[in-house]
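Chains as they are written, first to last, in our numbering: chain A, 1 to 185; chain B, 186 to 503.
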């Protein structure tokens, strides 16, 4: 038996995503008093695209080029013992020093918080940043760790078995966020 | 996509897809070496035993570093300091290791098939670090990774393996791996050091190095095992060097972007000249660095599905 998901409803469309990204970029600049010492690190896979968009928005209001990094948290997961096969590892690419930087860590959905825990551990292995702030597009609740986001696109209450699917046109043809429910076949 | 077996006993039983998975997985591991903390927590709490019945420096240290960079606990057992010298059998040693709850055993042994015997005896995942004249799979994988890295692809590369093919497990594993991935392999050496019927492994055979060099993309130089000369398999080291030694004069006849590889340890001035070993054509130090990343990838991939005990297709070598 395989679990499939079908779309229950669209919770953000293309325009809403664009407006939200713009607002998040504004909040990041405001909170950090500009873009000085700011770096952005996106978590694979869709956090990377959100990170790129945030960087592009920040660039519109700040002349400074924001360094962009990519984080693959696979090797820092806490569930290896319960997996029947090892997940594919992809490259982490942080081509700049993070020492004394303010890091904006970016992911698409905040759920249990375990991905963020892994990401924090991995970042610390690169050095000691001045701060790490978390930016996400959708907070769907159900935290299992004491972790919260600093910049939230949308808070959306879900049932645990439901799934939030963030689509970016870079890999999913279109920009939208949907609420999906499980159907058994 | 995952590896079908829980062990890495040889290249012969791997599919091209499995080889590709290992090579692809090794890429992100290489990035870890550039961090300030060169270590990931992935194998925390796992125990690896390095069981070496033959002397080895680079393979053992490479495995040890790979294991440590994955945060595994590492135990080294080598022949001259253990109860092996007191006459303990391989199986008894293995059972002792199993009683200590090792998750992996990396074994090097002078007898072909020793890792296979171990795999049938104990539950830990077994990695072959060289068994007799049979296979040395991680060496072949790191060699392929290096070719992929330096040349961009493995398919259709002309690879010339020169030297003692007969006694070389490195050659054996590399022939399996390279042909599976679509490279064109030619083996070159004295008649006495080329095994009969080697053509059956889909390789070309030549006895004259100078004939095959102009076409080569990769020259893989094997170590001359000096003890073979005492068996009169070739007349003298000097003659060997004259006919099969890779030096600058020979490299001049090659393509401009040829790369020279060697599994180490080198006999400088015999199978490879110092000038070549230290030249820009040589990728020998890259092989060493890549070896750690590839071994990390193998350990990582074998760590998956540890609960599927019993699914362990083991075929002894022929």
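Ideal placement from N, C-alpha and C gives every residue a C-beta, glycine not left out.
Review point. To the nearest angstrom, how far is it from the Cα of residue 328 of chain B to the Cα of residue 472 of chain B?
Key: Counting from one through the second chain, the residue named residue 328 of chain B turns up at place 143. Counting from one through the second chain, the residue named residue 472 of chain B turns up at place 287. If you take the alpha carbons of residue 328 of chain B and residue 472 of chain B, they lie about 6 Å apart.
Exercise for review: Using a cut-off of 8 Å between C-beta atoms, extract the partners of residue 483 of chain B located in chain A.
Suggested key: Your numbering for residue 483 of chain B matches position 298 in the second chain. In chain order: nothing, as chain A lies at least about 11 Å away.
Point to revise | When B:244, B:272, B:466, B:229 are compared against residue 440 of chain B, the one with the closest alpha-carbon | key: As a first step, residue 440 of chain B must be located in the second chain, where it is residue number 255. Taking each of B:244, B:272, B:466, B:229 in turn and checking the Cα distance to residue 440 of chain B, the smallest one comes out for B:466.
**Study point:** Paired residues, beta bridge with residue 81 of chain A - DSSP
**Key:** If you number the first chain from 1, residue 81 of chain A lands on position 81. Secondary-structure assignment with DSSP links residue 81 of chain A through no beta bridge to anything.
**Study point:** Beta carbon proximity, residue 89 of chain A to chain B, threshold 8 Å
**Key:** Taking the first residue of the first chain as position 1, residue 89 of chain A is located at position 89. For residue 89 of chain A, the answer is yes, since a Cβ of chain B falls inside 8 Å of its Cβ.
Review point. Using Cβ-Cβ distances below 8 Å, what residues of the region 221-233 of chain B are close to chain A?
Key: Against chain A - using a Cβ distance shorter than 8 Å - the residues of the region 221-233 of chain B are 221, 222, 224, 225, 226, 227.
Review point. Mind checking whether the beta-carbon of residue 195 of chain B lies closer than 7 Å to any heavy atom of the ligand ZN?
Key: The ligand content of the structure shown is nil, which means the ligand ZN is not present either.
Point to revise | Partner residues on chain B for residue 69 of chain A, Cβ-Cβ distance less than 7 Å | key: Here residue 69 of chain A corresponds to residue number 69 of the first chain, with the count starting at 1. Those within 7 Å of residue 69 of chain A in chain B number zero; the least Cβ separation is about 12 Å.
Practice item. Anything in chain A within Cβ reach of residue 331 of chain B, meaning under 9 Å, just list it in chain order. Key: Counting from one through the second chain, the residue named residue 331 of chain B turns up at place 146. Contact note: residue 331 of chain B does not reach chain A at a C-beta cutoff of 9 Å; the least C-beta distance is about 18 Å.
Practice item. Compute the distance between the beta-carbons of residue 321 of chain B and residue 194 of chain B, then report whether it is under 8 Å. Key: Numbered from its first residue, the second chain carries residue 321 of chain B at position 136. Numbered from its first residue, the second chain carries residue 194 of chain B at position 9. No; because the gap between Cβ atoms is not below 8 Å, this pair is not in contact.
**Study point:** Cβ contact (3+ pairs, closer than 8 Å) linking the region 364-382 of chain B and the region 196-206 of chain B
**Key:** Because the criterion of three Cβ pairs below 8 Å is met, the region 364-382 of chain B and the region 196-206 of chain B touch.
Check your understanding: Is the region 20-33 of chain A touching the region 79-86 of chain A, taking contact as three or more C-beta pairs under 8 Å?
Key -> With the cut-off at 8 Å, the region 20-33 of chain A and the region 79-86 of chain A do not touch.
Practice item. Could you check if residue 412 of chain B is buried or exposed, using at least 16 other CB atoms within 10 Å of its CB as the buried criterion? Key: What you label residue 412 of chain B is simply residue 227 of the second chain in a count that begins at 1. Exposed, because fewer than 16 other Cβ atoms sit within 10 Å of the Cβ of residue 412 of chain B.
Check your understanding: When you compare only the Cα positions, how much space is there between residue 10 of chain A and residue 173 of chain A?
Key -> Position 10 of the first chain holds residue 10 of chain A. Position 173 of the first chain holds residue 173 of chain A. In this structure, the straight-line span from the alpha carbon of residue 10 of chain A to that of residue 173 of chain A is close to 15 Å.
Review point. Does the count of Cβ pairs from the region 443-452 of chain B and the region 168-184 of chain A closer than 8 Å reach three?
Key: Of all C-beta pairs linking the region 443-452 of chain B to the region 168-184 of chain A, fewer than three are shorter than 8 Å, placing the two stretches out of contact.
Exercise for review: Could you tell me the boundaries of the beta strand (DSSP E) in which residue 153 of chain A lies?
Suggested key: On the first chain, residue 153 of chain A is found 153 positions in, with the first residue counted as 1. Residue range 151-155 is occupied by the beta strand (DSSP E) that includes residue 153 of chain A.
Point to revise | chain B within 8 Å of residue 86 of chain A, Cβ atoms only | key: As a position in the first chain, residue 86 of chain A is number 86, starting the count at 1. Taking Cβ atoms only, chain B reaches closer than 8 Å to residue 86 of chain A, which makes this a yes.
Exercise for review: Determine the chain A residues that contact residue 212 of chain B at a beta-carbon separation under 8 Å, and present them in chain order.
Suggested key: By one-based count along the second chain, residue 212 of chain B stands at place 27. Residues of chain A whose Cβ lies closer than 8 Å to the Cβ of residue 212 of chain B are, in chain order, 91.
Practice item. Could you work out which residues of chain B lie near residue 126 of chain A, taking near to mean beta carbons separated by less than 8 Å? Key: The sequence position of residue 126 of chain A within the first chain is 126, counting from 1. Identification of chain B residues near residue 126 of chain A by a Cβ-Cβ cut-off of 8 Å yields 220, 221, 222, ordered along the chain.
Point to revise | Beta carbon proximity, residue 139 of chain A to chain B, threshold 8 Å | key: Here the question's residue 139 of chain A lines up with position 139 in the first chain. With a threshold of 8 Å between beta carbons, residue 139 of chain A makes no contact with chain B.
**Study point:** Proximity test, Cβ basis, 8 Å: residue 96 of chain A and chain B
**Key:** Here residue 96 of chain A refers to the residue found at position 96 when the first chain is read from its first residue. Contact of residue 96 of chain A with chain B is not assigned, every C-beta pair being separated by 8 Å or more.
**Study point:** Contacts that residue 528 of chain B makes with chain A (C-beta to C-beta distance below 9 Å)
**Key:** Chain B is shown from 186 up to 503; residue 528 of chain B falls before or after that span and cannot be answered.
Exercise for review: With 9 Å as the limit, tell me which residues of the region 387-411 of chain B have their beta carbon closer than that to any beta carbon of chain A; keep them in chain order.
Suggested key: Along the region 387-411 of chain B, there is no position whose C-beta sits under 9 Å from a C-beta of chain A.
Review point. Given that a residue counts as buried once 16 or more other Cβ atoms are within 10 Å of its Cβ, and exposed if not, what is residue 218 of chain B?
Key: Locating residue 218 of chain B in the second chain gives position 33, counting from the first residue. Around the beta carbon of residue 218 of chain B, fewer than 16 other beta carbons sit within 10 angstroms, so the residue counts as exposed.
Check your understanding: How would you list, in chain order, the residues of chain A whose beta-carbon sits under 8 Å from the beta-carbon of residue 193 of chain B?
Key -> Counting from one through the second chain, the residue named residue 193 of chain B turns up at place 8. Taking the beta carbon of residue 193 of chain B as reference, no residue of chain A falls within 8 Å; the closest one sits roughly 14 Å away.
Check your understanding: Straight-line CA distance for residue 486 of chain B to residue 44 of chain A?
Key -> Taking the first residue of the second chain as position 1, residue 486 of chain B is located at position 301. Taking the first residue of the first chain as position 1, residue 44 of chain A is located at position 44. Residue 486 of chain B and residue 44 of chain A: Cα-Cα distance of roughly 20 Å.
Exercise for review: Determine the DSSP secondary structure at residue 103 of chain A, reduced to helix, strand or coil.
Suggested key: One-based indexing of the first chain puts residue 103 of chain A at position 103. Residue 103 of chain A: strand per DSSP, three-state reduction.
Practice item. Spatial neighbours of residue 395 of chain B within its chain, please: CB distance less than 8 Å, with the 5 preceding and 5 following residues excluded, ordered by chain position. Key: Residue 395 of chain B sits at position 210 when you count from the first residue of the second chain. Cβ-Cβ distances below 8 Å link residue 395 of chain B to 435, 438 in the same chain, with the five nearest sequence neighbours on each side left out; the list follows chain order.
Check your understanding: Excluding five sequence neighbours on each side, which residues of the same chain lie with their C-beta closer than 8 Å to the C-beta of residue 66 of chain A?
Key -> Walking along the first chain from the start, residue 66 of chain A turns up at place 66. Within the same chain, and ignoring the five residues on either side of residue 66 of chain A in sequence, the residues whose Cβ sits closer than 8 Å to its Cβ are 35, 38, 39, 40, 55, 58, 59.
Exercise for review: May I ask you to list the residues that DSSP assigns as paired with residue 214 of chain B?
Suggested key: The count along the second chain starts at 1 and reaches residue 214 of chain B at position 29. For residue 214 of chain B, DSSP records no beta bridge to any residue.
Review point. Is residue 206 of chain B near residue 477 of chain B, with beta carbons less than 8 Å apart?
Key: Start at 1 with the first residue of the second chain, and residue 206 of chain B comes out as number 21. Start at 1 with the first residue of the second chain, and residue 477 of chain B comes out as number 292. Going by C-beta atoms, residue 206 of chain B is not nearer than 8 Å to residue 477 of chain B.
Review point. Between the Cα of residue 110 of chain A and the Cα atoms of A:31, A:90, A:170, A:142, which residue gives the shortest distance?
Key: Reading the first chain from its first residue, position 110 is the one you call residue 110 of chain A. With distances taken between Cα atoms, residue 110 of chain A lies closest to A:142.
Practice item. Give the interface partners of residue 252 of chain B over in chain A, defined as CB-CB distance under 8 Å, in chain order. Key: By one-based count along the second chain, residue 252 of chain B stands at place 67. Under the 8 Å cutoff, chain A gives no residues; its nearest Cβ is about 14 Å from residue 252 of chain B.
Practice item. Check whether the Cβ of residue 196 of chain B lies closer than 8 Å to any Cβ atom in chain A. Key: Within the second chain, the letter at position 11 stands for residue 196 of chain B. It does not: the Cβ of residue 196 of chain B has no partner Cβ on chain A nearer than 8 Å.
**Study point:** Complete alpha helix (DSSP H) runs within the region 358-413 of chain B (minimum length 4 residues, chain order)
**Key:** Segments of the alpha helix (DSSP H) lying fully in the region 358-413 of chain B: 394-397.
Exercise for review: Excluding the 5 residues preceding and the 5 following residue 74 of chain A in the sequence, name in chain order all residues of the same chain whose CB lies nearer than 6 Å to its CB.
Suggested key: As a first step, residue 74 of chain A is located in the first chain; it is residue number 74 there, counting from the start. Apart from the 5 residues on each side of it in sequence, residue 74 of chain A sits with its Cβ closer than 6 Å to the Cβ of 87, 89 in its chain, given in chain order.
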